[in-house]
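Chemist:
Number of protein chains: 4
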Amino acid sequence: VTDIHATAPTDGHLPLHQVGVSGVKKPLSIHRPERVVTLGATFSVAVDLPADRKGSDLSRNAVLLAEVIDASIHEPPSSLEAACGRIARELLVRHPYASRSRAEAWADYFLLRGIAPDRRSLEDFRLFAEAVATRDAAGRVTVGRSVGAEAVGMTACPCAMETCRDQLAVEYPLLNDPSLRDLPMVTHNQRNRTRLMFELPEGAEVEVDDIIDAIEAAQSSPTYHILKRGDEARAVIAAHRNPKFVEDVLRGLLTSLPGRFPSLPDSVGVRAHTTSEESIHKYDVAAEHVTSMGELRVSGASRAA
Amino acid sequence: VTDIHATAPTDGHLPLHQVGVSGVKKPLSIHRPERVVTLGATFSVAVDLPADRKGSDLSRNAVLLAEVIDASIHEPPSSLEAACGRIARELLVRHPYASRSRAEAWADYFLLRGIAPDRRSLEDFRLFAEAVATRDAAGRVTVGRSVGAEAVGMTACPCAMETCRDQLAVEYPLLNDPSLRDLPMVTHNQRNRTRLMFELPEGAEVEVDDIIDAIEAAQSSPTYHILKRGDEARAVIAAHRNPKFVEDVLRGLLTSLPGRFPSLPDSVGVRAHTTSEESIHKYDVAAEHVTSMGELRVSGASRAA
Amino acid sequence: VTDIHATAPTDGHLPLHQVGVSGVKKPLSIHRPERVVTLGATFSVAVDLPADRKGSDLSRNAVLLAEVIDASIHEPPSSLEAACGRIARELLVRHPYASRSRAEAWADYFLLRGIAPDRRSLEDFRLFAEAVATRDAAGRVTVGRSVGAEAVGMTACPCAMETCRDQLAVEYPLLNDPSLRDLPMVTHNQRNRTRLMFELPEGAEVEVDDIIDAIEAAQSSPTYHILKRGDEARAVIAAHRNPKFVEDVLRGLLTSLPGRFPSLPDSVGVRAHTTSEESIHKYDVAAEHVTSMGELRVSGASRAA
Amino acid sequence: VTDIHATAPTDGHLPLHQVGVSGVKKPLSIHRPERVVTLGATFSVAVDLPADRKGSDLSRNAVLLAEVIDASIHEPPSSLEAACGRIARELLVRHPYASRSRAEAWADYFLLRGIAPDRRSLEDFRLFAEAVATRDAAGRVTVGRSVGAEAVGMTACPCAMETCRDQLAVEYPLLNDPSLRDLPMVTHNQRNRTRLMFELPEGAEVEVDDIIDAIEAAQSSPTYHILKRGDEARAVIAAHRNPKFVEDVLRGLLTSLPGRFPSLPDSVGVRAHTTSEESIHKYDVAAEHVTSMGELRVSGASRAA
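Chains as they are written, first to last, in the numbering used here: chain B, -3 to 301; chain H, -3 to 301; chain C, -3 to 301; chain P, -3 to 301.
Encoded structure:
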């Protein structure tokens, strides 16, 4: 039987950047500090294709994914990005004609969270991981990985808060009393989704739980599964004492990274995106930025100076 | 050539309730007061299938949809549900073996909205329509239609507002001053989606713009595309003076219907659903109710008594 | 502090059918034969609300869900529907003013599948569960549960197969040779999603793995994660020897149920839905039917007679 | 009243790449050859933000979008990308502190399609457009635009076709007869989505209808809304005589571009992505490539040499 994939292309002799499978759902066990958890992960994996080959051997991708999942049961990798790194590296073994491979995955992820110790329950976050392996002319393979997370929190608008204070002070002159100067004032608040990704050179590691902590600290307030009546007020008041535009969320998150991740080298890439699903609009407000740990350190140092 | 659809079933002699096509996108022109608008509508149409026939002639559904769309260019129907009604009725002509047909559609829909006359712009709502045609033993066809809409608005939580007031009054005793008794107080507010559907007997008509008005009136505040700085404060303050649980939104909407739609007969069915995409939770809060205009009138009369 | 939820309604004295939380993601451990698996489940839970109460105590829903998830770690329930049943029953304890509760959930679910023993890997299916608890005037609570699953498979169209055979026989007269009479012929084939739900009275149980087996047996062929070259041909030829309209899939599935689930009582409700994401159309083809085990048995017996 | 947006940042003095609104739905009229059509478009627009400013004036984005929509009623732009270009340019006027703006949009789009002249109906495609405006130090603004489309078609797998032929020839020796050498053979076929985007320098124009034609020509066959019985066979046989991997679809599409768009300059960027929603797998197969008209011309010339 002819291997059609290995024959010459019929539709043009172009090399292609990526050919692979996407949307492959698998249960992946990973080893967290003190426990093993199973992620319901969705994978996309691909390799490049040289100009003189008609097709990529896609069944090898499915076999490899199955092997990695099987192995994770007995020897769980430390993280989703570790699994992607292993897959990307191994893709280049299984596709000898390829010089670049890519494995990416996302999964829901649960952490204990609560506004107080006796309110804690497992709340949902989302993990993202990606690994790109490249093989140079000498056959040496290097693997870069990206790791990130998304957390849902709350933002309260600082601008509407001031205009509400101004409008209400006309009607309620007592609001001008100095004792009420910092009274939390009504504004619109909303569900905010913020995502932070690190692009890591070989050897660098980041703990996703720390990424999630960094995101939640940059929003007006975290959100919670369990809020009894008094708790609601505490969360609302805390958010209104910490009003944030999407711009503020992004800047606060990014400028916190040098302090939170001191051991990450300057070459680490950083991508951040935040969306506020506005309560007063039918559309969303969003901000994004791409930078590096080195740039963030320089920028922080210049402000400190 | 054998018509395979018309042969005897091969996998069991069961009648089937619905066989058809779904997710068919078409541009439908409809005639609104003073203008013609084009909806990007998504249709699903189906008929029942008798036990002795293998398949439904699905190409007839696609031909019929194309004909209705073509005709709408020259003679636009008055509404999405009028188009569905025509399709449902005609499905029984094209499928002589069927005794029940169903046509449903949804479409984004735009209305001029604004917090002030000079702030108006086209904002997005969503329309839903459905028609069910039934043919009795004597061959007589009756068509029932449903029509509805969804509007995105804002809700402010009345409970957190009270607990915030209590907690803040401890810290700011001046809040106990009688002049501040009705000062709008911080709470969580969020994007709310509310849908209302009417099930209409033959002859009854409802204007979707009136449905959208009814929904927006039941939320804490409408949302707006354009809000300049002072406008934001007006919308926020209005919402906080009108705090609503999802329960309140649903009840306010339903109890307003007898007054808003006095000519609808008691037999008209009513379905309402509302979701608040909570700003302090990672999940949504939702409420729904199914009733009739008759029940709503009795309930309103008993309260008035 | 006033409990606002317990006060009188402000927007109308209507009872409401359902008030609750939706889209709550939690990791649920369940006990399968020979192993414990963790499902990434999404829950919606709700209770009814009497006319004289403003709001439902929604924080109780979140607390209850957290407790059930916690308990599942140490004592995993036997199934997603068992967890829903427990939640629905407990909702009526936590909401003493309610007389009806509902808990529903879905989750991705993985089973070992393969076209041959050495091709097996974990493939993805989807589970659905629902439980409704009702409390009668005497305070007695009954719980009905629904359980179901969705499987992705392949369908090959029997009609296009015949018309292709006819058209090709004109060009290739040798196709009329008796030895080629049952040669599998080209047609369009596509991804098919079929869902089967059982509504169970108290005491009745169904194993979801058996539901998935029933669905896969009714499609032209299952689909597989791992197919090496020869395997692909086997799957394709098998599907083309077993061509199915959506009507055939649904009838084949439904008529197989009395044989596959002989111990289920006649009162068990059955809902089935199938969608073929057509390869030759931009839209889908779908069929659905609602019946009961009793009706399916009568219908099968009458055919057998 | 203080303009909070114009104050100094509170969470760090970082410049941000993009701040804006997303998911804004609007009905946009555009002028097509011989007719005006209304697109239900979804816009996202953003500008960069300098390090010394707290917030972006987002209400200006909403006002601008409303103005462009209003103007389109009386003077419809020629295309979605023309509208985006105008928005991007004007964003820099409304945000004097910004040096880079971005406007992107997508919309369903309908064209008359049919397997024969009397089978034509409006079928759905999708348009994508993007414009990026940059202001240099001298205040000169340049606008780059991207324009693209996605079309759903059908692919038939060339590999499974050969292995099916081999396996069936064992069982049906007559298949080895020379007269049956090119008999279309069973394989798996599926829904394919292919997207092509051009990045255009100022002045260059592409007609989206030509993009859609190019995509459909590269798939095994277009798909159709209306296919009567004989038509289905014609489409199926055509697809099986033109089997395509995703690799083939992508290469065929890309290598056709120099011939189809001879007037586009070499500097035009080209991005192509294709996904086959496999009928024999639960997951998708995908390929993508990024190149330029210049590269495609060189590559084509070297092959022709």
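All residues carry an ideal CB built from backbone N, CA and C; glycine is no exception.
With which residues is I276/C paired in a DSSP beta bridge?
Modeler: For I276/C, which the question treats as bridged, DSSP gives no partner whatsoever.
Chemist: Which residues does DSSP list as the beta-bridge partners of V43/H?
Modeler: V15/H, S97/H
Chemist: Between which two residues does the alpha helix (DSSP H) containing S216/C stretch?
Modeler: From DSSP, S216/C is part of no alpha helix (DSSP H); its letter is neither H nor E.
Chemist: Using a Cβ-Cβ distance cut-off of 8 Å, determine whether H236/C contacts chain P.
Modeler: yes
Chemist: Whole alpha helix (DSSP H) runs in the segment 119 to 197 of chain H with 4 or more residues, listed along the chain?
Modeler: 154 to 167
Chemist: Below 8 Å between beta carbons: does that hold for A210/B and V245/B?
Modeler: The answer is no: Cβ separation not under 8 Å.
Chemist: Would you please verify whether the beta carbon of I208/H is less than 8 Å from any beta carbon of chain P?
Modeler: no
Chemist: Are the Cβ atoms of L250/B and L292/B separated by less than 8 Å?
Modeler: Cβ atoms of L250/B and L292/B: closer than 8 Å.
Chemist: For a quick check, are the C-beta atoms of H221/H and S117/H less than 8 Å apart?
Modeler: Against a cut-off of 8 Å, the Cβ pair of S117/H and H221/H comes out as a contact.
Chemist: Note down, in chain order, every chain C residue with its Cβ under 8 Å from the Cβ of I233/P.
Modeler: C160, Q163, L164, V182
Chemist: Exposed or buried, what is G16/B when buried is set at 16 or more other beta-carbons lying within 10 Å of its beta-carbon?
Modeler: The residue in question, G16/B, is buried, as its Cβ has 16 or more Cβ neighbours within 10 Å.
Chemist: When DSSP labels each residue in this structure, what does E291/P get in the three-state scheme?
Modeler: Assigned with DSSP and collapsed to three states, E291/P falls in helix.
Chemist: How many Å lie between H48/P and G8/P at the Cα?
Modeler: Looking at the sequence itself, residue 48/P is Asp, so the reference to His does not match. Spanning the two alpha carbons is a distance of roughly 9 Å.
Chemist: Between the C-alpha atoms of S86/H and D104/H, what's the straight-line distance to the nearest angstrom?
Modeler: According to the sequence displayed, residue 86/H carries Glu and not Ser. Using only the alpha carbons, I get a separation of about 25 Å.
Chemist: What separation, rounded to the nearest whole angstrom, lies between the Cα atoms of T183/B and V166/H?
Modeler: Going by the C-alpha atoms only, they are around 21 Å apart.
Chemist: Give a yes or no on whether the minimum CB-CB distance between M150/B and chain H is below 8 Å.
Modeler: yes
Chemist: According to DSSP, is I0/P helix, strand or coil?
Modeler: It is helical.
Chemist: Along chain H, in chain order, which residues have C-beta atoms closer than 8 Å to that of Q186/B?
Modeler: Within 8 Å Cβ-Cβ: N185, Q186, R187, S275.
Chemist: What separation, rounded to the nearest whole angstrom, lies between the Cα atoms of P169/P and M157/P?
Modeler: Taken atom to atom, the span from the alpha-carbon of P169/P to that of M157/P is near 17 Å.
Chemist: Quick check: the segment 263 to 276 of chain P against the segment 21 to 36 of chain B, are there 3 or more CB pairs under 8 Å?
Modeler: Under the Cβ criterion (8 Å, minimum of three pairs), the segment 263 to 276 of chain P does not count as touching the segment 21 to 36 of chain B.
Chemist: If you drop the 5 nearest sequence neighbours on each side, which residues of the same chain put their C-beta closer than 6 Å to that of D53/C?
Modeler: H1
Chemist: Go to H70/C, then tell me how far its alpha helix (DSSP H) extends in each direction, as first and last residue.
Modeler: 54 to 70
Chemist: Quick check on the DSSP output: the alpha helix (DSSP H) that includes L10/C runs from which residue to which?
Modeler: First-last for L10/C: undefined, no H or E at that position.
Chemist: Hey, how far is the Cα of V137/H from the Cα of G199/H?
Modeler: 14 Å
Chemist: Determine the DSSP secondary structure at R225/B, reduced to helix, strand or coil.
Modeler: helix
Chemist: Let's test the definition: count the other Cβ atoms within 10 Å of the Cβ of I208/B and tell me whether it reaches 16, buried, or not, exposed.
Modeler: buried
Chemist: Report the CB separation of A125/B from E63/B in whole angstroms; it is logged as a contact under 8 Å.
Modeler: That pair is no contact at about 18 Å.
Chemist: Whether or not the segment 248 to 267 of chain B and the segment 216 to 233 of chain H are in contact is what I'm after, with contact meaning three or more pairs of Cβ atoms, one per stretch, closer than 8 Å; do they touch?
Modeler: no
Chemist: Rounding to the nearest angstrom, what Cα-Cα distance links C80/B and E284/C in this structure?
Modeler: For C80/B and E284/C, the gap between their C-alpha atoms comes out near 40 Å.
Chemist: Below 7 Å between beta carbons is the criterion; list the residues of the segment 110 to 128 of chain B that meet it against any residue of chain D, in chain order.
Modeler: The structure shown contains no chain D; the protein chains it does contain are B, H, C and P.
Chemist: Beta carbon of M289/B: closer than 7 Å to some heavy atom of the ligand FMN?
Modeler: As presented, the structure is devoid of all ligands, the ligand FMN included, so that no description of it is given.
Chemist: Residues in the same chain with beta-carbon distance under 6 Å from D227/P, minus the five sequence neighbours each way, listed in chain order, please.
Modeler: I111
Chemist: Quick check on DSSP: helix, strand or coil for L355/C?
Modeler: Any answer about residue 355/C is impossible in this case: the structure gives chain C only from -3 up to 301.
Chemist: Just confirm the distance between the C-beta atoms of A235/C and S217/C, as a whole number of angstroms; I'd bet it's less than 8 Å.
Modeler: 4 Å
Chemist: Drop a sphere of 10 angstroms on the beta-carbon of N188/B, count the other beta-carbons inside from all chains shown, and report buried for 16 or more, exposed for fewer.
Modeler: Looking at its Cβ environment, which holds 16 or more other Cβ atoms inside 10 Å, N188/B is buried.
Chemist: With H, G and I counted as helix, E and B as strand and the rest as coil, what does DSSP make of G81/C?
Modeler: helix
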